[in-house]
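One structure is given below, encoded as structure tokens.
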Amino acid sequence: MSTVSALPGHRRHTGPGWGNTVVGIVILAVLLFPLYWMINVSLQPSGSAVGTPWLPLHLSFHGYSTAIGQQGRNLATSLIVALGSVVFSLLIAAPAAYALAQLKVRFANVVLFAILISQMIPGIVIANALYTAYNDLGLLNSIPGLILADSTAGIPFAILIVRAFMTNIPQSVIEAGRVDGAGHVRAFISIVLPMSRNALITAALFTFLFAWADFLFALTLTTTENVRPVTLGLYTYIGTYVNDWSSVMATAVLASIPAIVLLVVAQRYVAAGTTSGAVK
Amino acid sequence: MAEYRHLSETAPSGSPPRGAGTVQRPAPAPAVPPGESSPRVRRWESYRTRERLAQLLFLVPAVIYMVAFFGFPVVKNFLMAFQKYSTTTFYTGEAPWIGLGNYRAVVSSSVFDKALVNTILFTVGSIAGQFVIGLALAVFFRRRFPLNGLLRSLLLLPWLIPLIVSGAVWRWILDKDNGALNRFLAATHIATGHPGWLTSTSLALVAVMMVNIWIGIPFNVTILYGGLQDIPEELYEAASLDGASGWQRFRYVTWPMLRPVVSVVLVLGVVYTIKVLDVILGLTNGGPANASQTIATQSYHLSFQQFDFGQGAALGNILIAISLLFAIIYLRANRRAVDE
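One line per chain: the protein sequences are G and Z, in this order. Using our numbering, the first residue of the first sequence is number 22, and each one after it goes up by one. Using our numbering, the first residue of the second sequence is number 105, and each one after it goes up by one.
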């Protein structure tokens, strides 16, 4: 701890701190310009293909009404798939994390290594094989099919970060809960899960984001408009010649809302997730 | 405790002989809660069985899932690469075995060399860009200043929004005639020619790389910043006392201390970048004239546009092989570095 800068009020007098803040804001402005542009274009009146104004001075929600009219159903599909993936991923991952963290599984290292290796498998390889399997099982163009496929991102991630958290729960706490004859299941539900709340929330948030953002499985495992996540809706928008960018950008904004909400509402969980991303 | 000890001492002799082998096995004491005396050995055995059962119960769903959604696809893909798929395969169910025909076809195709070079350029370029900018920003954010935390969390946004959203937004920004970038370049007289970022064969790959760098910066900043925070302040103070300049402090304190984190970032970066699909499909769809086609996007095109799943699978397997090759080279280099 440098003594000079520790003096109270030191910064306020010399002001180097705020100088850095200005530099930081400029950097952020450059990096986040695309997001500003997305919002700006989404608020422009329709048909402004030529020379979008730099500021949304003539606010128009035309883009949003078109977007909701055309993509509302897809947004709902995305929401259902993402929520389904969260529930499914946690149901699978939380018990596994507990087993790997506390139950002295003989092949725990093998399982963990397999999880790490799974991250090297390209999504297109999974999609390639799943398409044929889904075709046989009748899971193409279905919500359960998408939930299962989208969880390929969430489940390994959830196992790793929840396990990392659960290894820190003292064995004695769990044993104490089992003295009255309660089995592992009871101990798991009544002690381990409540104690792991934060890790579970972080896992749930990221699983939601992964499934919400999924594009590859939406693209490959659906072929009709019946079940179409918004990411695919956006892609089909830009797949053809676009003459109404404000609707496209309004859809993009709507598709970004979960990320923005999560960052604002659940910032500390997001921070926890990004650092444990290194474990992944 | 005393009672406990007493119990475990008496247990082997006290319990009725039932299956000599079981009885003579020294019961590894503590597992059974004290006070529950009766036939200890059987209790221990059943305890162990129950433990095994619990382990299975908790772990099996995840193992089944991992096998079904990672193991099966790899095996299936491996087999598919030896089969001839066509548009009718999914109606007739016929996919005859053709040996190495698919591999021969994809490797000798004119797109393959281009896609391979593009994959390498895209991966190396993206990683280099993300890492250098990410490290610079991480070092910058290590300074203490007001709003530091807020700015750092806002920085995460490009990484949290869906990749296809980034693709759509950048597609409009990079538009040749009306895109924000070209309008800015023209207005500032940096480049008045309205370069076709996404439509010119010489620029498409660069543009796709630029966008991917933009997406990857937040991840790099976050992890590297975390690594920087773990470097003890005293090391910098000691270096300053020794009269080290800013660059020397970075070179002799920051860099060596940061190395483990750096390898994590780079390895993850390569593993994830090599299979990127969303960004490229959203921006250029691999075009124009395959100028931004990578092995991953070409595998997608073969399978899902031309319905030649056999060739798509072959290319997917080549992608896995490249990933593995990289991992092995990396592990070796790392071991050598550790040995030194």
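We put the beta carbon where it would ideally sit given N, CA and C, even for glycine. Note that the coordinates shown come from a computational prediction; the quantities given were computed from them, not determined experimentally.
Run of the alpha helix (DSSP H) containing residue i, from where it starts to where it stops
i: V228/Z; result: S214 to F245
i: F109/G; result: H83 to Q123
i: N130/G; result: A129 to S139
i: I265/Z; result: Element bounds for I265/Z: n/a, residue is neither H nor E.
i: V371/Z; result: W359 to T377
i: D157/G; result: G144 to L158
i: S257/Z; result: N252 to L258
i: A295/Z; result: Per DSSP, A295/Z belongs to no alpha helix (DSSP H) and is neither H nor E.
i: D382/Z; result: D382 to L387
i: Y404/Z; result: I399 to Y404
i: Y262/G; result: No alpha helix (DSSP H) contains Y262/G, which DSSP labels as neither H nor E.
i: P322/Z; result: A308 to Q333
i: W301/Z; result: From DSSP, W301/Z is part of no alpha helix (DSSP H); its letter is neither H nor E.
i: V145/Z; result: R144 to M170
i: I222/G; result: R218 to A234
i: H205/G; result: H205 to A208
Test: residue i CB closer than 8 angstroms to a CB of chain Z
i: Q288/G; result: yes
i: I190/G; result: no
i: W39/G; result: yes
i: I182/G; result: no
i: M187/G; result: no
i: T228/G; result: no
i: L52/G; result: yes
i: P29/G; result: Residue placement at P29/G is flagged as unreliable, the pLDDT there being 43, under the threshold of 50; a coordinate-derived value is accordingly withheld.
i: T241/G; result: yes
i: A276/G; result: yes
Under 9 angstroms from the C-beta of residue i: neighbouring residues of chain G
i: Q159/Z; result: A120, L124, K125, V126, R127 and H205
i: A417/Z; result: V146, N149 and A150
Below-8 angstroms beta-carbon distance, residue i vs any chain G residue
i: Y151/Z; result: no
i: Y169/Z; result: yes
i: I224/Z; result: no
i: F194/Z; result: yes
i: Y48/Z; result: Shown here, chain Z extends from 105 to 444; a query on residue 48/Z therefore has no answer.
i: I321/Z; result: yes
i: N324/Z; result: no
i: F162/Z; result: yes
i: R129/Z; result: Confidence at R129/Z is low in this model, with a pLDDT of 44, below 50, so its placement is unreliable and no value can be given for it.
i: F216/Z; result: no
i: V211/Z; result: no
i: I265/Z; result: yes
i: S54/Z; result: Here chain Z has residues from 105 to 444 only, and residue 54/Z is not among them.
Per-residue contacts from residue i into chain Z (C-beta, under 7 angstroms)
i: Y262/G; result: Near Y262/G there are no residues of chain Z at all, since even the closest Cβ is about 11 angstroms away, more than 7 angstroms.
i: F238/G; result: What F238/G touches in chain Z: nothing, since even the nearest Cβ is about 11 angstroms away.
i: Q91/G; result: Within chain Z, no residue comes near Q91/G; the closest Cβ sits about 14 angstroms away, beyond 7 angstroms.
i: M59/G; result: V273
i: A273/G; result: V269, A272 and V273
i: T62/G; result: Before going further, note that residue 62/G is Val rather than Thr in the sequence given. Simply W276.
Residue j beta carbon less than 8 angstroms from that of residue i
i: I268/Z; j: G386/Z; result: yes
i: L284/G; j: L260/Z; result: yes
i: I237/Z; j: I317/Z; result: yes
i: Y189/Z; j: F411/Z; result: yes
i: S230/Z; j: M313/Z; result: yes
i: T228/G; j: G175/G; result: yes
i: G105/G; j: I190/G; result: no
i: V369/Z; j: N324/Z; result: yes
i: K424/Z; j: P177/G; result: Looking at the sequence shown, residue 424/Z is not Lys but Ile. No, they are not a contact pair.
i: L309/Z; j: W301/Z; result: no
i: T193/Z; j: A185/Z; result: no
i: Q402/Z; j: A219/Z; result: yes
Where residue i meets chain Z, residues with beta-carbon distance less than 9 angstroms
i: Y256/G; result: I268, G271, A272, D382, L385 and G386
i: Q65/G; result: Within 9 angstroms Cβ-Cβ: nothing; Q65/G doesn't reach chain Z, min ~11 angstroms.
i: T42/G; result: F249, P250, L251, N252 and L255
Interface residues of chain G facing residue i [CB-CB closer than 8 angstroms]
i: Y434/Z; result: The premise fails here: Y434/Z is roughly 12 angstroms from chain G at the closest Cβ pair, so nothing lies under 8 angstroms.
i: P336/Z; result: What P336/Z touches in chain G: nothing, since even the nearest Cβ is about 12 angstroms away.
i: P262/Z; result: L52, L53, P55 and L56
Interface partners of residue i on chain Z, CB under 8 angstroms
i: P74/G; result: Result: empty, since nearest Cβ-Cβ is about 11 angstroms, beyond 8 angstroms.
i: S268/G; result: Per Cβ cutoff of 8 angstroms: no residues; S268/G is ~11 angstroms from chain Z at best.
i: G45/G; result: F244, F245, F249, L251, N252 and L255
i: M141/G; result: V375, I424, S427, L428 and A431
i: P77/G; result: Neighbours of P77/G on chain Z: none; closest Cβ ~13 angstroms, over 8 angstroms.
Per-residue contacts from residue i into chain G (C-beta, under 7 angstroms)
i: G420/Z; result: P143, I145, V146 and N149
Give the residues from the stretch 149–175 of chain G that approach chain Z closer than 8 angstroms (Cβ to any Cβ), ordered along the chain. Sequence-ordered contacts of the stretch 149–175 of chain G with chain Z read N149, A150, L151, Y152, T153, A154, N156, L169, A170, S172 and T173 [C-beta pairs closer than 8 angstroms].
Short-range partners of chain G found in the stretch 351–383 of chain Z, where Cβ spacing is below 9 angstroms: The stretch 351–383 of chain Z vs chain G, Cβ under 9 angstroms: V365, V368, V369, L372, V375, Y376, I378, K379, L381 and D382.
Can you give me, in chain order, the residues of the stretch 231–257 of chain Z that have a beta carbon less than 8 angstroms from any beta carbon in chain G? In summary, the residues of the stretch 231–257 of chain Z whose CB is separated from some CB of chain G by less than 8 angstroms are L241, F244, F245, R247, R248, F249, P250, L251, N252, L255 and S257, in the order they occur in the chain.
Where the stretch 180–205 of chain Z meets chain G: residues whose CB sits under 8 angstroms from a CB there: Cβ contacts with chain G: K180, N181, M184 and F194.
Tell me which residues of the stretch 292–314 of chain Z have at least one Cβ-Cβ distance to chain G shorter than 7 angstroms, keeping chain order. Under the 7 angstroms Cβ criterion, the stretch 292–314 of chain Z contributes no residue.
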